[in-house]
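Following: one structure in structure tokens, then a few remarks.
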Amino acid sequence: MRLNDNLVETFRILPTQIKALKRLRIETVGDLLFHFPTRYGDMAEVVSISNLKKGDTAVVFGKISGLKTSKAFRKRIPMAEGVVTDSTGKIKIVWFHQAYLAKMMAEGSNVRVEGKVSDKNGQLYFSNPKIENTPDLFTKTKSHSLYPIYPETRGLTSNWIYHKIKMILSIMSKRHFDIIKDPIPENILKTYNLPNLKTSLIYIHTPQQESHAQVARKRFAFEEIFFIQLQRQRMRYEFKESAAFTIDKKMEEVEKFTARFPFILTLAQKKSIEHVMADLRSGHPMSRLLEGDVGSGKTAVAATAVYAVSTSKPFDSAQGRLQTFGNLQTAYMAPTEILAQQHFESFIKYFKHLPINIALITGSGCRKFPSKLNPDGFTDISRSQLLKWVASGEIAVLIGTHALIQKSVKFKHLALVIVDEQHRFGTAQRQKLVNKNEITPHLLSMTATPIPRTLALTLYGDLDLSLIDEMPVGRKKIITEIITPETRGRAYEQIEKELKAGRQLYVICPRIDEPDPTKESAVQAKSVKEEAKRLKKEIFPEYEIGILHGKMRPVEKEKTMLDFSAQGDGKGKKIDILVATSVVEVGVNVENASLIIIEGAERFGLAQLHQLRGRVIRSNHQAYCYVFAESKSSKTTDRLKALTTAKNGFELAEFDLAQRGAGELSGTKQWGLSDLGMEAIKNLKMVEAARQEAMKLIERDPTLSQFPIIKERSESNSSKIHFE
Numbered sequence: 001m002r003l004n005d006n007l008v009e010t011f012r013i014l015p016t017q018i019k020a021l022k023r024l025r026i027e028t029v030g031d032l033l034f035h036f037p038t039r040y041g042d043m044a045e046v047v048s049i050s051n052l053k054k055g056d057t058a059v060v061f062g063k064i065s066g067l068k069t070s071k072a073f074r075k076r077i078p079m080a081e082g083v084v085t086d087s088t089g090k091i092k093i094v095w096f097h098q099a100y101l102a103k104m105m106a107e108g109s110n111v112r113v114e115g116k117v118s119d120k121n122g123q124l125y126f127s128n129p130k131i132e133n134t135p136d137l138f139t140k141t142k143s144h145s146l147y148p149i150y151p152e153t154r155g156l157t158s159n160w161i162y163h164k165i166k167m168i169l170s171i172m173s174k175r176h177f178d179i180i181k182d183p184i185p186e187n188i189l190k191t192y193n194l195p196n197l198k199t200s201l202i203y204i205h206t207p208q209q210e211s212h213a214q215v216a217r218k219r220f221a222f223e224e225i226f227f228i229q230l231q232r233q234r235m236r237y238e239f240k241e242s243a244a245f246t247i248d249k250k251m252e253e254v255e256k257f258t259a260r261f262p263f264i265l266t267l268a269q270k271k272s273i274e275h276v277m278a279d280l281r282s283g284h285p286m287s288r289l290l291e292g293d294v295g296s297g298k299t300a301v302a303a304t305a306v307y308a309v310s311t312s313k314p315f316d317s318a319q320g321r322l323q324t325f326g327n328l329q330t331a332y333m334a335p336t337e338i339l340a341q342q343h344f345e346s347f348i349k350y351f352k353h354l355p356i357n358i359a360l361i362t363g364s365g366c367r368k369f370p371s372k373l374n375p376d377g378f379t380d381i382s383r384s385q386l387l388k389w390v391a392s393g394e395i396a397v398l399i400g401t402h403a404l405i406q407k408s409v410k411f412k413h414l415a416l417v418i419v420d421e422q423h424r425f426g427t428a429q430r431q432k433l434v435n436k437n438e439i440t441p442h443l444l445s446m447t448a449t450p451i452p453r454t455l456a457l458t459l460y461g462d463l464d465l466s467l468i469d470e471m472p473v474g475r476k477k478i479i480t481e482i483i484t485p486e487t488r489g490r491a492y493e494q495i496e497k498e499l500k501a502g503r504q505l506y507v508i509c510p511r512i513d514e515p516d517p518t519k520e521s522a523v524q525a526k527s528v529k530e531e532a533k534r535l536k537k538e539i540f541p542e543y544e545i546g547i548l549h550g551k552m553r554p555v556e557k558e559k560t561m562l563d564f565s566a567q568g569d570g571k572g573k574k575i576d577i578l579v580a581t582s583v584v585e586v587g588v589n590v591e592n593a594s595l596i597i598i599e600g601a602e603r604f605g606l607a608q609l610h611q612l613r614g615r616v617i618r619s620n621h622q623a624y625c626y627v628f629a630e631s632k633s634s635k636t637t638d639r640l641k642a643l644t645t646a647k648n649g650f651e652l653a654e655f656d657l658a659q660r661g662a663g664e665l666s667g668t669k670q671w672g673l674s675d676l677g678m679e680a681i682k683n684l685k686m687v688e689a690a691r692q693e694a695m696k697l698i699e700r701d702p703t704l705s706q707f708p709i710i711k712e713r714s715e716s717n718s719s720k721i722h723f724e
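Reminder that position 635 of the sequence shown reads as 635 in UniProt numbering, one-by-one numbering, no gaps.
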């Protein structure tokens, strides 16, 4: 048996099991060996049948007998039943709609039964429990009472997986274990008291005690984070080794520029600007992530970086001399057309006093500031004309969406790349921008998504981190209330008072259209279209209501936002209430909007709720967020209450990580980490240790030529073990 042997050729597997294995992405012996348990059961905690009570959810082990199939009740529902007996008593088992289970069990075989205990006429029974053949688990001694529970899928049980892995371990212990190569260097394992690969595989699948399982999971969690860090640190090293423009802007000039802002910079903004300026003058490409809540002032930091680049005659470290050409160029990439448009308008305000050309490029069209006909405004221009001006260097700042990374967009002297909401762009997309020139441009990434520190260190290990963890002076803390169905009326009364005072309201719904009532599987949640009609007819008939969602054409979205947008005093608005999907999570900046309702809040993650709430803290008006929850469960209530107590998005992100299980987080595959990886990022010390070891390895040997096993694993981006 070899690790890359196909399972179908190694074991007798039924067609339904082959399909199930594919759903779990398991094809080879090695794949199965690295399919780790999610948790462990304990034989010592198994309930005796005589101790069962109605309502218990329990696990029992025993012998099964009396298996038979029949039809139940008048509806003739297919059913199966049997009796499980242990040394203390017996209990009946009934399966409805699963008569086939009686045919899968052998009379008198040892089984594990897990389910809820019901009662009928004083007789206890299990209704539709999980059941598995367990010939070896049933006879385990007290010294080895743990049994692994693996991720399952339809047609494949945890027990089936356990038996096949046990066979693999048995065969490999006699033949091939010695040729498996551990990808973690021995000195690192010793430093952190981690077991080697062979021991870890035995411990994680067949632990004699709980500490064995824990240390094995710790080792594999460290391994996953270590290799992510290695990839990030190699990217970081290669990026830093590239040639870059040295931009040494005097801080006195920078401070004159920031003094023009209509607000006072916070200490966090000042520190972030200092970080950026130090990077620009270092002679190496900047690679920095700027993280801060919605409304914390990230755009002002980005504008300051653009100012330094656009008004400098920098030293070219590659050629060893001062440049003599005109403006250096900045590319600013946003995830949506709405956000790109708003940044274009913001940058006009920042730079209208300077001789700098600013342009916008999106799928809908192109614009340029200043206009020859209107020096204080912008004009629409053709795409071909804009591309000529970008290529000639006449455009100093080009703002856009994915259109920026098309092959037709060529810069003359691209010195700075800014990527907003950078988690929405893949590494490959970012690299397309930074690879457009021989001289590597500086990279500033920004995000308003609250990311736990450990996750940021892991996923963005190639970037330096700057945090804006305070809000602008004078900004009032948003008042957040959890609204139950009984208190809707009171909330609407408060909202109407604010609307009468001239403020504006967002209403966020989980859906665009109403679900099809004929489909049982349809998610029952409020929709944008129907809620807009209901609010106009029943709640706020005297106010103008608009809608915004992802299926609208870009030109329709832009018109809606223009109608909703207003000056700080509310002048110019044509829409009072905007009913939208979470499309407004990014890219909407309306200072006069100080109210937001979030319908079906339990359907959103805490980080997303926090970002949506951030839409109404753009001014010094008192802002209100009304969180409407459909579920009344205590779990939902406790989770949503965190919105009212957390001081900022970072604290909320840490709370969300601690509260949600690793299985739930990785189940969404939102970060691409395994269950073990998600466990690891809850441990700051582990993440920092893996990061430090990866950095030391890359500093010692950037190409990893001295570590062929590590190099192969790192470059293949594979979780498989290595062998000769």
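Ideal Cβ placement from N, Cα and C applies to all residues, glycine included.
Query                                                                                                              : Result
Environment of E531 [buried if 16+ CB atoms lie within 10 Å]                                                       : buried
Reduced DSSP category for T10 - H, G, I as helix; E, B as strand; rest coil                                        : helix
Selected residue, minimal CA-CA separation from L67, among I165, V94 and A690                                      : V94
For K181 and M79, the rounded distance between their alpha carbons                                                 : 51 Å
Presumed contact (8 Å Cβ cut-off) between I479 and I596, rounded CB distance                                       : 11 Å between Cβ atoms; not a contact.
Among V83, L640 and V528, nearest to Q123 - alpha-carbon criterion                                                 : V83
Short Cβ contact (8 Å threshold) for V473 with T199                                                                : no
Neighbour-count burial assignment, D638, 16 or more Cβ in a 10 Å radius                                            : exposed
C-alpha distance - R618 paired with N589, whole-angstrom precision                                                 : 7 Å
Inter-stretch contact (C-beta, 8 Å, three-pair minimum) for the region 369-376 and the region 303-314              : no
contact_flag[the region 394-404, the region 337-357] where n(CB pairs < 8 Å) is 3 or more                          : yes
Outcome for residue 758 when other beta-carbon atoms lying within 10 angstroms are tallied against a minimum of 16 : The question about residue 758 has no answer here: the residues shown for the chain are numbered 1 through 724.
With 16 other Cβ atoms within 10 Å as the buried cut-off, status of L322                                           : The pLDDT assigned to L322 is 49, lower than 50, so where the model puts this residue is not dependable; a value taken from the coordinates is nonetheless given after this. Exposed is the call here.
Burial state of residue 792 (16 or more Cβ within 10 Å)                                                            : Residue 792 lies beyond the range of the chain shown here (1 to 724); nothing can be said about it.
Top-ranked residue by Cα proximity to P554, from R2, K476 and T362                                                 : T362
Buried or exposed by the 16-neighbour rule on C-beta atoms within 10 Å, applied to Q209                            : exposed
Touching by the beta-carbon criterion (3+ pairs, under 8 Å), the region 280-294 and the region 437-454             : yes
P78 - partner residues in DSSP beta bridges                                                                        : K71
DSSP-derived helix/strand/coil call for N110                                                                       : strand
Integer Cβ distance of L612 from S633, believed to fall under 8 Å                                                  : With a Cβ gap of about 21 Å, L612 and S633 do not count as contacting.
Alpha-carbon spacing of residue 731 relative to T447, whole angstroms                                              : No statement about residue 731 is possible, as the shown extent of the chain runs from 1 to 724 and does not include it.
Distance CB(I91)-CB(I49) smaller than 8 Å                                                                          : yes
Residue from F655, P185, E9 and Q706 whose Cα sits closest to the Cα of I681                                       : F655
Cα-Cα separation, I539 to K500                                                                                     : 14 Å
Closest by C-alpha distance to F347, when choosing among T454, F369, Y147 and Y626                                 : F369
E676 to A278 span [Cα, whole Å]                                                                                    : Note that residue 676 is Leu in the sequence shown here, rather than Glu. Rounded to the nearest angstrom, the two C-alpha atoms are 37 Å apart.
First and last residue of the uninterrupted alpha helix (DSSP H) at H413                                           : Note, H413: premise wrong, no alpha helix (DSSP H); not H, not E.
Range of the contiguous beta strand (DSSP E) that encloses H212                                                    : Element bounds for H212: not the beta strand (DSSP E) but the alpha helix (DSSP H), E210 to K240.
Distance between beta carbons of I356 and F344, contact taken as under 8 Å                                         : Actually they do not touch by this definition, with Cβ atoms about 13 Å apart.
Inter-residue spacing [alpha-carbon to alpha-carbon] between L169 and L3                                           : 11 Å
Contact under 8 Å by Cβ, T88 with S65                                                                              : no
Endpoints, the beta strand (DSSP E) within which F707 is located                                                   : Looking at the DSSP string, F707 is not in any beta strand (DSSP E), and its letter there is neither H nor E.
Exposure of S384, with buried meaning 16 or more beta-carbon neighbours within 10 Å                                : exposed
For D42, the nearest candidate out of K641, E114 and K63 (CA to CA)                                                : E114
Where L354 sits in the DSSP three-state scheme                                                                     : coil
Whole runs of the beta strand (DSSP E) within the region 606-649, excluding any shorter than 3 residues            : 624-628
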